[in-house]
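Enquirer: So the numbering used here is basically just the index in the sequence shown, starting at one, shifted up by 58. Every residue, glycine too, gets a C-beta built ideally from N, C-alpha and C. On a predicted model such as this, the values are computed, not experimentally measured, just so you know. This structure is in structure tokens; I'll ask about it shortly.
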Amino acid sequence: MAASLSADDPLLKQTHRDFISGCHILHYHRVLDAYGHLSVRHPHHPDRFIMSRYIAPATISSERDLIEYYVENAEPVDPSSPKGYSERCIHSEVLKRFPDVNAVIHSHSEAVVPYSISGVPFQAAFHMAGFLGTQIPVFDIGKHYEPGDKKDMLISNTRFGAALAACFAPEGGDSSNEPAHAVVLMRGHGFTVQGPSIMDVVLRAVYTQQNAGIQTTALLTRAAHFGPGRQGSGEPGIVYLSEEEAEGATDMTRRSANRPWRLWLREVEAQGLYVNMA
Ligand SMILES: [Zn+2]
59 MAASLSADDP
69 LLKQTHRDFI
79 SGCHILHYHR
89 VLDAYGHLSV
99 RHPHHPDRFI
109 MSRYIAPATI
119 SSERDLIEYY
129 VENAEPVDPS
139 SPKGYSERCI
149 HSEVLKRFPD
159 VNAVIHSHSE
169 AVVPYSISGV
179 PFQAAFHMAG
189 FLGTQIPVFD
199 IGKHYEPGDK
209 KDMLISNTRF
219 GAALAACFAP
229 EGGDSSNEPA
239 HAVVLMRGHG
249 FTVQGPSIMD
259 VVLRAVYTQQ
269 NAGIQTTALL
279 TRAAHFGPGR
289 QGSGEPGIVY
299 LSEEEAEGAT
309 DMTRRSANRP
319 WRLWLREVEA
329 QGLYVNMA
């Protein structure tokens, strides 16, 4: 048995159902392809979390595809569970570090990766991405390799996972268990986003990707009109959301998250590719 079967447990059943739909939505919106993953904290056991077995997120279809892990060490609760994702330590360490975080997504979005390698600061460019704020950390795994580590960029152990999770904490607030950032970019790899629920974290992932597209278009548009290298030469710069605007917009998206979620559910339910039997 991979995950607890939920026949007599409405809350766990709904969690499984939302988890599978969340994976489908993330694929439909191209936040995930064959790679990347969603996790959710177990609704009854906060020291456990749920992920899928080692398959593409679009093809997850029942609770038999799900595995429960311990937050402490990312090991499966049932040792006979099928193979899982090698990067599940991203999820375990973020969930361990921040008790109020209940869902995590890791994506290789091609719209976002350029901001992890170019030195161009990524920030909230429109109101649906206020949760990004004005400063988004970039995690560089190159600073955390030790002798003997395989340099394949993957967060394949709890040490790398803990270093990534620390980037969500406030500057200088190493012991804080309240995240200061919703999103952390990962150099040459992608991004990780945290949230209080599956619905919230899916919304954040989709709009993180949209924000990257908008910011890139703004940068290109500005350069095409004013010419490159003209920042500070008198022409207006790109106007991003202020700290206050980002905070206000974060509240707005949290209050209204049910609206896109219900649309996105209908979108994936209308596609033959996606099956949700949970
Ligand atoms: Zn990855």
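Report all residues from its chain with a CB closer than 6 Å to the CB of F184; omit the five preceding and five following residues, and keep chain order.
Expert: Counting from one through the sequence shown, the residue named residue 184 turns up at place 126. Counting only Cβ-Cβ distances below 6 Å, and skipping sequence neighbours, we find I272.
Enquirer: Can you give me the C-alpha to C-alpha distance between V333 and A161, rounded to a whole angstrom?
Expert: Taking the sequence shown and counting its residues from 1, one reaches residue 333 at position 275. Taking the sequence shown and counting its residues from 1, one reaches residue 161 at position 103. Answer to the nearest angstrom: the Cα atoms are 21 Å apart.
Enquirer: Quick one: is R262 buried, meaning 16 or more other Cβ sit within 10 Å of its Cβ, or exposed?
Expert: What you label residue 262 is simply residue 204 of the sequence shown in a count that begins at 1. Under this definition R262 is a buried residue.
Enquirer: So, at 7 Å on beta carbons, what are the nonlocal neighbours of V259 in its own chain, with the 5 sequence-adjacent residues on each side left out?
Expert: Within the sequence shown, numbered from 1, the residue matching residue 259 stands at position 201. Taken in chain order, the residues that qualify are A161, V162, I163, V251, Q252 and G253.
Enquirer: Given a cut-off of 8 Å, decide if I213 and E145 are closer than it, judged by their beta-carbon atoms.
Expert: For the purposes of this step, residue 145 is identified with residue 87 of the sequence shown, where counting begins at 1. For the purposes of this step, residue 213 is identified with residue 155 of the sequence shown, where counting begins at 1. Result yes, Cβ atoms of E145 and I213 sit closer than 8 Å.
Enquirer: At which residue ranges does the region 144 to 221 contain complete alpha helix (DSSP H) runs of 4 or more residues, listed in the order of the chain?
Expert: Counting whole runs of 4 or more residues, the region 144 to 221 contains the alpha helix (DSSP H) stretches 146 to 155 and 172 to 175.
Enquirer: How big is the Cα-Cα spacing for D67 and H74?
Expert: In the sequence shown, the residue the question calls residue 67 occupies position 9. In the sequence shown, the residue the question calls residue 74 occupies position 16. Cα-Cα distance, rounded: 11 Å.
Enquirer: Between which residues of its own chain and M59 is the CB-CB distance below 7 Å, once the five residues before and five after are set aside?
Expert: If you number the sequence shown from 1, residue 59 lands on position 1. With a pLDDT of only 45 at M59, under the threshold of 50, the placement of this residue in the model should not be trusted; the figure read from the coordinates follows. Closer than 7 Å at the Cβ level, and outside the excluded window around M59, lie D136.
Enquirer: For Q72, does the three-state DSSP call read helix, strand or coil?
Expert: Taking the sequence shown and counting its residues from 1, the one referred to as residue 72 is at position 14. Correct three-state label for Q72: helix.
Enquirer: G248: beta carbon under 7 Å from a heavy atom of ligand 1?
Expert: Taking the sequence shown and counting its residues from 1, one reaches residue 248 at position 190. Under cutoff, so the answer is yes.
Enquirer: DSSP on G80, reduced to helix/strand/coil?
Expert: Reading the sequence shown from its first residue, position 22 is the one you call residue 80. Note: G80 maps to helix in three-state DSSP.
Enquirer: Name the two residues that bound the continuous alpha helix (DSSP H) containing T117.
Expert: Residue mapping note: residue 117 aligns to position 59 of the sequence shown, counting from 1. It is not in any alpha helix (DSSP H) - T117 carries neither H nor E in the DSSP assignment.
Enquirer: With 16 other CB atoms within 10 Å as the buried threshold, where does L278 fall?
Expert: As a first step, residue 278 is located in the sequence shown; it is residue number 220 there, counting from the start. Exposed.
Enquirer: Quick one, which of I108, S314 and H103 has its alpha-carbon nearest H95's?
Expert: Numbered from its first residue, the sequence shown carries residue 95 at position 37. That would be I108, whose Cα lies nearest to the Cα of H95.
Enquirer: Under 7 Å from any heavy atom of ligand 1, does the C-beta of E168 make it?
Expert: Locating residue 168 in the sequence shown gives position 110, where the first residue counts as 1. The answer is no for E168.
Enquirer: If you measure from the CB of E145, is any heavy atom of ligand 1 nearer than 7 Å?
Expert: Numbered from 1 along the sequence shown, position 87 holds the residue referred to as residue 145. At least one heavy atom of ligand 1 is nearer than 7 Å to the Cβ of E145, so yes.
Enquirer: I believe S174 touches L243 by the beta-carbon criterion, under 8 Å. Please report the beta-carbon distance rounded to the nearest angstrom.
Expert: To locate residue 174, count along the sequence shown from 1; it is residue 116. To locate residue 243, count along the sequence shown from 1; it is residue 185. Rounded, the Cβ-Cβ distance is 4 Å, consistent with contact.
Enquirer: Is the distance from the Cβ of S97 to the Cβ of H149 below 8 Å?
Expert: Position 39 of the sequence shown, counted from the start, is the residue given in the question as residue 97. Position 91 of the sequence shown, counted from the start, is the residue given in the question as residue 149. Cβ distance < 8 Å, so S97 and H149 count as in contact.
Enquirer: State buried or exposed for P237, treating a residue as buried only when at least 16 other CB atoms are found within 10 Å of its CB.
Expert: Mapped onto the sequence shown, residue 237 falls at position 179. Per the 10 Å Cβ criterion, buried.
Enquirer: Sort H100, H87 and H102 by Cα distance to A116 and report the nearest one.
Expert: Residue 116 sits at position 58 when you count from the first residue of the sequence shown. Here the closest residue by C-alpha is H87.
Enquirer: In the DSSP assignment, find the unbroken alpha helix (DSSP H) run with I272 in it and report its ends.
Expert: By 1-based counting over the sequence shown, the position of residue 272 is 214. Per DSSP, I272 belongs to the alpha helix (DSSP H) from I256 to F284.
Enquirer: For the alpha helix (DSSP H) containing E303, name the first residue and the last one.
Expert: Indexing the sequence shown from 1 puts residue 303 at position 245. Its alpha helix (DSSP H) spans residues E301 to S314.
Enquirer: Within the same chain, show all residues whose beta-carbon is closer than 6 Å to that of D123, passing over the 5 residues directly before and after it, in chain order.
Expert: In the sequence shown, residue 123 corresponds to position 65, counting from 1. So the list reads S110 and R111, once near-sequence residues are dropped.
Enquirer: Measuring alpha carbon to alpha carbon, tell me which of L70, K71, H85 and L69 ends up nearest L323.
Expert: Looking up residue 323 in the sequence shown gives position 265. Ranking the options by Cα distance to L323, first place goes to H85.
Enquirer: Assign H247 to one of two classes, buried (16 or more other C-beta atoms within 10 Å of its C-beta) or exposed (fewer than that).
Expert: Mapped onto the sequence shown, residue 247 falls at position 189. That one is buried.
Enquirer: Could you check how far apart the C-beta atoms of A92 and V170 are, in whole angstroms? I think they sit under 8 Å.
Expert: The residue you call residue 92 lines up with position 34 of the sequence shown. The residue you call residue 170 lines up with position 112 of the sequence shown. With 8 Å as the limit, A92 and V170 do not qualify as a contact, their Cβ atoms being about 17 Å apart.
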